[in-house]
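In the numbering used here, the protein residues as written are 25 to 426.
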């Protein structure tokens with residue numbers, strides 16, 4: 025019999041029933057240290073009291089009205105995002121994929137209203153992941169996501185990341201925008217070179233191209249700045265945001281300058297649920313926490329401590345761990361053993377992490393963790409690494425190739 029739940033996920037056989045801070049609890053009462061955070065979504069951990077209060081209060085008042093009317097929470101949250109970023113305007117949706125779709129449409133529409141409708145191509149970068157819609161998988165360009173869904177949506181050209189010569193060769197009179205993750209998440213925590221990001225900005229300015237940043241995973245404090253591009257001193261024209269901005273509530277946003285957004289007039293884009301009162305209440309509460317004095321400094325401090333400990337872990341288990349990647353609390357360990365196997369064994373030890381491309385394990389803990397949580401994580405990672413060391417030793421003794 026075909027399952028009632030569409031089988032598009034290879035799910036682990038565990039169901040969670042509640043969470044508290046960096047911990048999550050399964051049906052049988054087992055407690056796990058959650059360093060996956062719902063793939064960087066639960067930025068403030070589980071059941072953060074400020075978010076719970078904001079959602080509960082709003083739920084008792086009003087859930088949905090639609091965008092035919094003003095939504096006060098949208099007005100408040102958009103102003104706060106504008107005041108805290110490069111942007112002049114914000115569109116609210118429900119997910120990262122929706123934020124990317126808005127960014128793509130905005131870039132194409134910009135050139136259309138400028139009388140250059142032929143400029144609709146967007147250059148993206150190998151290893152990227154921008155979501156699961158038809159346009160988003162075309163933008164990512166990965167064969168495993170495109171297979172079986174018919175012709176690839178036209179207008180996306182991929183080049184290697186950090187390869188300026190390849191990028192310049194790919195830009196044509198049809199190019200509308202460049203779309204990049206400052207840190208690739210699904211691609212294996214691969215960081216774009218600072219000089220490469222600066223070169224993108226320069227090329228865009230010289231050739232009338234829009235620069236789009238996908239900060240769906242790297243944004244909202246994840247790297248110790250509100251957004252990762254702030255470390256480089258480069259600002260985009262358009263930016264897609266989601267995950268952490270809702271703290272676990274489905275929410276996405278597309279931020280843009282007034283110039284980049286000038287083609288997005290009434291009727292050009294919309295969303296039934298985007299910017300609903302519930303999401304806006306939670307989003308405003310997230311910003312209350314993340315933008316509070318000292319919060320981002322705490323993220324940077326704890327991230328530096330975590331990185332130091334992880335460097336020691338690699339030295340302790342050189343046959344298991346290869347290198348550390350990432351920035352802030354968006355970290356990845358490239359493994360010498362299969363990442364799926366390691367993540368499964370780590371879960372058996374009571375800790376959650378997320379696999380990524382290039383045989384990398386992502387460590388994306390809640391931003392509210394303390395040093396004690398890092399020490400607990402290190403113990404569990406080391407115990408799991410020791411299991412693989414032991415297995416390799418046994419294989420060597422029995423003459424089995426590791």
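Cβ coordinates follow ideal geometry from the N, Cα and C atoms, glycine included. Just so it is clear, the structure is predicted and the values come from calculations on it, not from any experiment.
Per-residue burial, residue i [other beta carbons within 10 Å of its own, 16 or more giving buried]
i, result
"residue 261", "buried"
"residue 493", "The question about residue 493 has no answer here: the residues shown for the chain are numbered 25 through 426."
"residue 81", "exposed"
"residue 189", "exposed"
"residue 242", "buried"
"residue 58", "buried"
"residue 84", "exposed"
"residue 366", "buried"
"residue 62", "buried"
"residue 37", "exposed"
"residue 173", "exposed"
"residue 168", "exposed"
"residue 325", "exposed"
"residue 217", "exposed"
"residue 390", "buried"
"residue 192", "exposed"
"residue 282", "exposed"
"residue 414", "exposed"
"residue 139", "exposed"
"residue 134", "buried"
"residue 386", "buried"
Whole-angstrom distance between residue j and residue i, CA atom to CA atom
i, j, result
"residue 426", "residue 51", "Here residue 426 scores only 44 on pLDDT, less than 50, and its place in the model should not be relied on; the value that follows carries that caveat. Roughly 36 Å between the two C-alpha positions."
"residue 112", "residue 269", "18 Å"
"residue 88", "residue 106", "24 Å"
"residue 143", "residue 335", "46 Å"
"residue 332", "residue 348", "10 Å"
"residue 450", "residue 179", "There is simply no residue 450 to check, as the chain begins at 25 and stops at 426 in what is shown."
"residue 265", "residue 284", "16 Å"
"residue 60", "residue 46", "10 Å"
"residue 137", "residue 130", "11 Å"
"residue 164", "residue 117", "20 Å"
"residue 69", "residue 198", "44 Å"
"residue 383", "residue 394", "28 Å"
"residue 40", "residue 48", "7 Å"
"residue 66", "residue 132", "32 Å"
"residue 309", "residue 223", "36 Å"
"residue 428", "residue 311", "Beyond the ends of the chain as shown, which are 25 and 426, falls residue 428; an answer cannot be given."
"residue 146", "residue 181", "6 Å"
"residue 194", "residue 203", "13 Å"
"residue 327", "residue 141", "45 Å"
"residue 22", "residue 404", "With the chain covering only 25 through 426, there is no way to say anything about residue 22."
"residue 161", "residue 75", "32 Å"
"residue 271", "residue 314", "11 Å"
"residue 33", "residue 339", "34 Å"
"residue 108", "residue 170", "36 Å"
"residue 183", "residue 166", "12 Å"
"residue 186", "residue 220", "6 Å"
Contact check, residue i vs residue j, beta carbons under 8 Å
i, j, result
"residue 258", "residue 225", "yes"
"residue 378", "residue 388", "yes"
"residue 77", "residue 213", "no"
"residue 157", "residue 125", "yes"
"residue 278", "residue 110", "no"
"residue 64", "residue 236", "no"
"residue 436", "residue 368", "In the structure as shown, the chain begins at 25 and stops at 426. Residue 436 is therefore absent and cannot be evaluated."
"residue 207", "residue 71", "no"
"residue 1", "residue 376", "The question about residue 1 has no answer, for the chain in this structure spans 25 to 426."
"residue 276", "residue 120", "yes"
"residue 307", "residue 274", "no"
Heavy atom of the ligand ATP within 7 Å of residue i beta-carbon
i, result
"residue 177", "The ligand ATP is absent from the structure shown, which contains no ligands of any kind."
Legend entry - Contact between the segment 358 to 373 and the segment 405 to 415 (3+ Cβ pairs under 8 Å): yes
Legend entry - At least 3 beta-carbon pairs within less than 8 Å: the segment 314 to 325 vs the segment 285 to 297: no
Inset, instruction - Would you check if the segment 398 to 406 and the segment 226 to 236 touch, i.e. whether three or more CB-CB distances between them fall below 8 Å? - result: At 8 Å Cβ cutoff, the stretches do not touch.
Inset, instruction - Taking 8 Å as the threshold, find out whether the segment 26 to 45 comes into contact with the segment 339 to 356 through three or more Cβ pairs. - result: no
Inset, instruction - Could you pull out every unbroken beta strand (DSSP E) segment of at least 3 residues lying fully inside the segment 231 to 276, listed in chain order? - result: 234 to 238, 262 to 265
Inset, instruction - Check whether the segment 277 to 293 touches the segment 147 to 159, taking contact to mean three or more Cβ pairs, one atom from each stretch, closer than 8 Å. - result: No, because fewer than three Cβ pairs between the segment 277 to 293 and the segment 147 to 159 fall closer than 8 Å, the two stretches do not touch.
Legend entry - Complete alpha helix (DSSP H) runs within the segment 58 to 112 (minimum length 4 residues, chain order): Fully enclosed alpha helix (DSSP H) runs of 4 or longer: 61 to 64, 73 to 83, 96 to 108.
Inset, instruction - Run through the segment 355 to 400 for me and flag every whole beta strand (DSSP E) of 3 or more residues, listed as ranges in chain order. - result: 378 to 380, 384 to 387
Inset, instruction - Kindly provide the ranges of any alpha helix (DSSP H) runs that are 4 or more residues long and lie completely inside the segment 284 to 326, ordered along the chain. - result: Correct list: 301 to 314.
Inset, instruction - Run through the segment 117 to 171 for me and flag every whole alpha helix (DSSP H) of 4 or more residues, listed as ranges in chain order. - result: 120 to 137, 158 to 164, 167 to 170
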